[in-house]
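Numbering (the numbering used here), first residue to last: 936 to 1088. Before any comments, here is the structure.
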Amino acid sequence: MQTISISIGLWFKIMKGLRRRGAGVRESAGFLLCNPGKSKVVKIAFYGQFDKSVSESGIIQFKGAATFFEYLAKEKLEVLADIHTHPTQNTRQSDSDMKHPMVRIKGHIAIIAPNYAKDFFIFPKNCSVYEYLGNFEWKKFEISKLPMHLKLI
Ligand SMILES: [Zn+2]
């Protein structure tokens, strides 16, 4: 698969956005977007932009898919990965995470950040990164083989 690249500025903007939306008490999430066919993250779309009730239950239940896909078409962007936070250091996928891929396409990447993204310096190596293999099966990337590079821009 392709390696995802993301500028360090955008990465920390994503962490800050997740931290603010989670407010230290609930999970928050977003989609990492790219230009069609590319593997560089150019934008983050937080689920709350498309579904105001997304975090009400404390876990993520995204009902904004229709609006979100309209937005993608309008902006001419594609989903490269999704990211969500967990309450603790445990960034292993939950049963629910495994059973509900945000994008049901093989090769889709799901990232899980620790501690509601409250830590000030969360890097990709502090997260868990999974690739969707289809049929609700996932591959977890080893820390040394993460398909992501932060670029200093
Ligand atoms: Zn989860």
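Cβ coordinates follow ideal geometry from the N, Cα and C atoms, glycine included.
Item, Value
"A964, enclosing beta strand (DSSP E) - first and last residue", "A964 to C969"
"Helix, strand or coil at K975 according to DSSP, with G and I counted as helix", "strand"
"Cα-Cα separation, E1010 to S974", "16 Å"
"Three-state secondary structure assigned by DSSP to E1010", "helix"
"Beta carbon of S990 nearer than 9 Å to that of S963", "yes"
"G944, buried or exposed, once every other Cβ within 10 Å from all chains shown has been counted against 16", "exposed"
"Residue interval of the beta strand (DSSP E) (run including M1083)", "M1083 to K1086"
"Cutoff 7 Å; reference Q937; Cβ partners in own chain excluding five residues on either side", "S974"
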